[in-house]
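What follows is a single structure, written as structure tokens, with notes after it.
Residue numbers (our numbering): 63 to 353.
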């Protein structure tokens, strides 16, 4: 099971802000724990949480994994704009959950959240006893035809009960919050278009940019640079953070490079979602954009 935990949308952090127009976590599937009345910023815990991420990905049992089961963890909604999510409480006690839905945008290469008015989840709040399940229905208030895929985040938060004080019982307990990506398909039946790649020199670094002209999102598991050619070549420098480039949006990766290596013949290498091999971006798709 892979779950995504991020800070509460109404809390404010330096890099994670959710207001009327705000910035969420940097990745599709990221997570963080909350102690009651205290928000921990995700970048302070990246090293400590990396092991937990790996455990979730390979299916190793962990306390966070045992808290809840969510299916699916990435929701693909058909053009009619309706789907269901199943939540099962794996804790040994009753838990109160609250749901918030936000529109997920990417503006100038940065993730943004906006309050969703047209896309809702039901029920917005519910209680689950231990080992019980709940079906969450998501969809538009009024189904509509979309020319471009729309992206949302569904936040599922555990709500601490008044009077619950695990510290008095000598137990450290966390109120978890899960962020579930939701993609509503476009009614446009045209196939996905290839990403348009650029590379430029900027401030002692090489900046790689991917523009997505397609009406659907694209997921990249690795983006890097190499001087080699051929199939499945190793990257000399790479970002292995899973990155989603939304429809009609773009994203950039910055790679610091020694000054005497800036003007070498660099090639962009990528690993698409679920791909087993690394792909070298053809020169025809590379558009130098030097500053």
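Beta carbons are placed, not taken as given, at the ideal position from N, Cα and C, and that holds for glycine. For clarity, every value in this text was computed on a predicted model and none was experimentally measured.
Spatial neighbours of residue i in its chain, beta-carbon cut-off 6 angstroms, leaving aside the 5 residues before and after
{"i": "residue 213", "result": "166, 245, 308"}
{"i": "residue 164", "result": "175, 178, 215"}
{"i": "residue 340", "result": "294, 331, 333"}
{"i": "residue 186", "result": "161"}
{"i": "residue 269", "result": "262, 314, 316"}
{"i": "residue 140", "result": "247"}
Burial state of residue i, where buried means 16 or more other Cβ atoms lie within 10 Å
{"i": "residue 333", "result": "buried"}
{"i": "residue 220", "result": "buried"}
{"i": "residue 321", "result": "exposed"}
{"i": "residue 337", "result": "exposed"}
{"i": "residue 207", "result": "exposed"}
{"i": "residue 76", "result": "Here the model assigns residue 76 a pLDDT of 29, short of 50, so the residue's position is not dependable and the matter cannot be decided."}
{"i": "residue 253", "result": "exposed"}
{"i": "residue 239", "result": "buried"}
{"i": "residue 277", "result": "buried"}
Neighbourhood of residue i by C-beta, 7 angstroms cutoff - its chain only, sequence neighbours within 5 removed
{"i": "residue 318", "result": "266, 267"}
{"i": "residue 197", "result": "146, 148"}
{"i": "residue 142", "result": "205"}
{"i": "residue 279", "result": "211, 213, 245, 306, 307, 308, 309"}
{"i": "residue 358", "result": "With the chain represented from 63 up to 353, any question about residue 358 goes unanswered, as that position is not in the structure."}
Distance CB(residue i)-CB(residue j) smaller than 7 angstroms
{"i": "residue 203", "j": "residue 180", "result": "yes"}
{"i": "residue 154", "j": "residue 191", "result": "no"}
{"i": "residue 331", "j": "residue 297", "result": "yes"}
{"i": "residue 281", "j": "residue 288", "result": "no"}
{"i": "residue 189", "j": "residue 218", "result": "no"}
{"i": "residue 222", "j": "residue 241", "result": "no"}
{"i": "residue 150", "j": "residue 195", "result": "yes"}
Rounded distance between the beta-carbons of residue j and residue i, thought under 8 angstroms
{"i": "residue 248", "j": "residue 209", "result": "6 angstroms"}
{"i": "residue 137", "j": "residue 243", "result": "7 angstroms"}
{"i": "residue 255", "j": "residue 272", "result": "Not confirmed; about 12 angstroms, so no contact."}
{"i": "residue 329", "j": "residue 291", "result": "7 angstroms"}
Sequence-distant residues of its chain with Cβ nearer than 8 angstroms to residue i (five each side left out)
{"i": "residue 302", "result": "283, 284"}
{"i": "residue 312", "result": "168, 171, 271, 272, 273, 274"}
{"i": "residue 144", "result": "199, 200, 201, 202, 205"}
{"i": "residue 3", "result": "What the structure shows of the chain is the stretch from 63 to 353, and residue 3 is not part of that stretch, so it cannot be assessed."}
Taking only runs that begin and end inside the stretch 174-221, name each unbroken beta strand (DSSP E) of 3 or more residues, in chain order.
-> Positions of the beta strand (DSSP E) runs, each at least 3 residues long and wholly inside the stretch 174-221, are given as 181-184, 187-190, 195-202, 212-221 in order along the chain.
Enumerate, from N- to C-terminal direction, the unbroken beta strand (DSSP E) stretches of 3 or more residues contained entirely within the stretch 283-331.
-> The stretch 283-331 contains these whole beta strand (DSSP E) runs: 299-301, 305-307, 312-318.
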